[in-house]
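Going down the list, the sequences are from chains H and G.
The first sequence begins at 1 in this note's numbering and counts up by one.
The second sequence begins at 1 in this note's numbering and counts up by one.
A virtual CB, placed ideally from N, CA and C, is assigned to each residue, including glycine.
A short write-up of the structure that comes next.
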Amino acid sequence: MGAVRAEFLKVKRSLSWVVVLLLPVALVLVGTVNTVVSGERPEEGWHTLWLRSVVLYGLFPLTVGIGVLASLVWRVEHRGGNWNALMGGPTPALRIVAAKAAVVSALAAAMQGVMLAAVVLAGKLVFALPGLPPGRYVLISAVIAAACVPVAVLQSGLSMLMRSFAAPVAMAFLGAAGAIVLLMLGAGAAASALPYALVGRATQLGTGTFADTGALTLGGAASIAGAAALLTGVLIAASALLLDRTDARA
Amino acid sequence: MPDIVTTDRLAKRYREHPVVHDLDLRIPEGCVYGFLGPNGSGKSTTMKMLLGLVRPSSGEIRIGGRPMRRSTRRELLGGIGSLIETPPGYGHLTGRENMRLVQRLLGLGDGQVARAVRTVRLQDHLDKKVRAYSLGMKQRLGIAMALAREPRLLILDEPTNGLDPAGIEEIRGLLRRLAGDGVTVMVSSHLLGEIDRTATVLGILGGGRLLFQGTRAELFARSAPDVLIDTPDPAYAHSLLSGGFESRLDGTSVRLAGLDDRATAKAVAHLVGAGVDVHGVRRGERSLEDVFMDLTGGGGL
Ligand SMILES: Nc1ncnc2c1ncn2[C@@H]1O[C@H](COP(=O)(O)OP(=O)(O)O)[C@@H](O)[C@H]1O
Ligand SMILES: [Mg+2]
């Protein structure tokens, strides 16, 4: 727990919070502007707005955003003597890897919270939609946050192994592109093995887009959460193993 | 006294390029061990191997008698504080926040952190962002972060590098205080003068090899100072001696290097036999710096 608390202290005053705030807001803005410009009202109310912002968000901005957050979180460790100090200390590799992944996952979850809030604001202020969005979006948001965890672990691992800020982000982008292809082919099962595709599936949950059936079932949500848990375990163990075997550079 | 660090034929190769050769370090418990060598001689690589940051190509390391392996590493590191190459620290956080980070990570008490901060005399600068710290303050913060866990062994890689004379003096005083508290300190430098008077044991590295290991007195004894022969005609004496000795002119004297007492007697007999007046024979002054330069081939900065 100490390692996790230490990691949360490191993101104080960090640029990460700007990403957490701006990325979802920008996506909702795009969804809103698209709807306004096309001159239509969101016929299906909240559903239309959700479709236009969250599904788009899940196609690549979310993954790339997590990539940026992971690079930001690791950037400080690649600076000065921080790497040598961290690796020259008694904290086991597994705990270091898990603590970093926990912070990136928490930031991603916060980003989903901002997303939900931005959708509500846009719906109320721009389109004057009646009431509040159905509670299912809270459940879907929770599933999205869970599906973000393996991506956070994977990107955290890449940013740990690579000193470059941009290279892991580029890999997130490529991963997202691969995920879109998988989802267009309707390869749902294969999509569960690729963290980037799992996030895509989660954001499409209940929308009927891509491989989604359009129905939100508890089983569907649970299968995504289960796959996320499995991937998280495997990726954390692999990252810790790699970290223990890597020589300090320069 | 038992050795807290021993290495047995420790070596590191990068690709096929050897960087450290067959190092047999012996660091006695409680000493300040000055690890000297020109830039690129392998000091940082050796220290990284001691900490498990870099895997040795061959050889073995023992810390407090226990082998340093991947399986024992994290446990052994609990008793070692270190600062390698550049000081650590998160620039966007204050000194206090950086210390709190270490405290949380290692589960330390407030007293341990406060003591570490006082030891490096940083207590009045804790509310400044580390980004705004001077290099000397960053070094001291890095040492405080390493000290907070109250290690038995402290490994400091060139902590005086880039500091002004006052900063260097501050670090020297700190090393002496730590040694007084019973902490074993291994400290590296490429400048002998920076750790000369603080170190009780010296290890001198050149081209990845250990050229010398022992006390200052042993280092002096190992390389005999030059013999100076005063004579009214040094040029003639030099011409007579240069065949059999390493001789050169030095003002009104002839300077002979690398002579033990018997060779000195032979050189004097040779001059006297040739009818040269010998007014005086004495040993020249040698600084530790000269000895260091001789050993490392003048590779210091
Ligand atoms: N990761 C590495 N890959 C290849 N060569 C390296 C690496 N690290 C250090 N070296 C080489 O090893 C030698 C010793 O370096 P180092 O241990 O940093 O010396 P010092 O600390 O005494 O200045 C240098 O020639 C350096 O270029
Ligand atoms: Mg060095």
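Shown in chain order are the residues whose CB sits closer than 5 angstroms to a heavy atom of ligand 1: G:Y14, G:V19, G:N39, G:G40, G:S41, G:G42, G:K43, G:S44 and G:T45. Taking 8 angstroms as the threshold, the shortest C-beta distance from R13 (chain H) to chain G falls below it. When DSSP assignments are scanned along the segment 29 to 115 of chain H, no uninterrupted stretch of beta strand (DSSP E) that is 3 or more residues long falls wholly within it.
Residues of chain H whose Cβ lies closer than 7 angstroms to the Cβ of T86 (chain G) are, in chain order, G80 and G81. When rounded, the separation of the alpha-carbon atoms in I180 (chain H) and E16 (chain G) is 44 angstroms. In this chain, E246 (chain G) is not harboured by any beta strand (DSSP E), its DSSP state being neither H nor E. Contact annotation for K43 (chain G) against chain H: no contact, minimum CB-CB distance about 14 angstroms [criterion: below 8 angstroms].
Contacts with chain G at 8 angstroms (Cβ-Cβ) do not include V126 (chain H).
For S189 (chain G), the closest Cβ of chain H is not nearer than 8 angstroms.
A85 (chain H) and V281 (chain G) have their C-alpha atoms some 55 angstroms from each other. Proximity of the segment 227 to 236 of chain G to the segment 51 to 67 of chain G falls short of the contact definition, fewer than three beta-carbon pairs being nearer than 8 angstroms.
In the structure shown, A11 (chain G) falls within a strand segment according to DSSP collapsed to helix, strand and coil.
In the structure shown, Q204 (chain H) falls within a coil segment according to DSSP collapsed to helix, strand and coil. Ranked by Cα distance from L161 (chain H), the options H:Y57, H:R136, H:E77 and H:R95 are led by H:E77. Proximity of D212 (chain H) to chain G, defined by a Cβ-Cβ separation below 8 angstroms, is not satisfied.
In this structure, L49 (chain H) sits near V119 (chain H), with a CB-CB distance shorter than 8 angstroms. Taking all protein chains shown into account, H279 (chain G) has fewer than 16 neighbouring C-beta atoms within 10 Å of its C-beta and is therefore exposed. At least one CB atom of chain G sits nearer than 8 angstroms to the CB of T91 (chain H). When DSSP states are grouped into helix, strand and coil, D250 (chain G) belongs to the strand group. Between the alpha carbons of R201 (chain H) and A144 (chain G) lies a distance of about 48 angstroms. Of all residues in the segment 43 to 77 of chain G, those with a C-beta nearer than 8 angstroms to a C-beta of chain H are K48, L51, G52, L53, V54, R55, R70, R74, E75 and L77, reading in chain order.
Around L9 (chain H), the beta-carbon contacts reaching into chain G at under 8 angstroms are L93, E97, R100, L101 and R104.
L153 (chain G) is bridged by DSSP to G:I80 and G:T184.
Between Y33 (chain G) and the set G:R172, G:G208, G:L295 and G:L147, the nearest pair of CA atoms involves G:R172. As computed with DSSP, P18 (chain G) is found in a beta bridge with G:R13. Unbroken beta strand (DSSP E) stretches of 3 residues or longer found wholly inside the segment 200 to 237 of chain G: 201 to 206, 209 to 215 and 227 to 230, given in chain order. Residue-level contact check: L228 (chain G) does not touch chain H, since none of the beta carbons of chain H fall below 8 angstroms from its beta carbon.
For the segment 109 to 136 of chain G, the set of residues with a beta-carbon nearer than 8 angstroms to any beta-carbon of chain H is empty. For K124 (chain H), the three-state secondary structure derived from DSSP is helix. Contact annotation for L83 (chain G) against chain H: G81, N84, A85 and G88 [CB-CB distance below 9 angstroms, chain order].
Ranked by how close their Cα comes to the Cα of N82 (chain H), the residues G:E75, G:K138 and G:L163 have G:K138 in first place.
Residue range L218 to R245 is occupied by the alpha helix (DSSP H) that includes G220 (chain H). Within 7 angstroms of the CB of A3 (chain H), the CB atoms of chain G belong to L105, in sequence order along the chain. Judged by beta-carbon spacing, S189 (chain G) lies beyond the 8 angstroms limit of L50 (chain G), meaning their Cβ atoms are not closer than that value. Burial state of V234 (chain H) is exposed, judged by a 10 Å Cβ sphere holding fewer than 16 other Cβ atoms.
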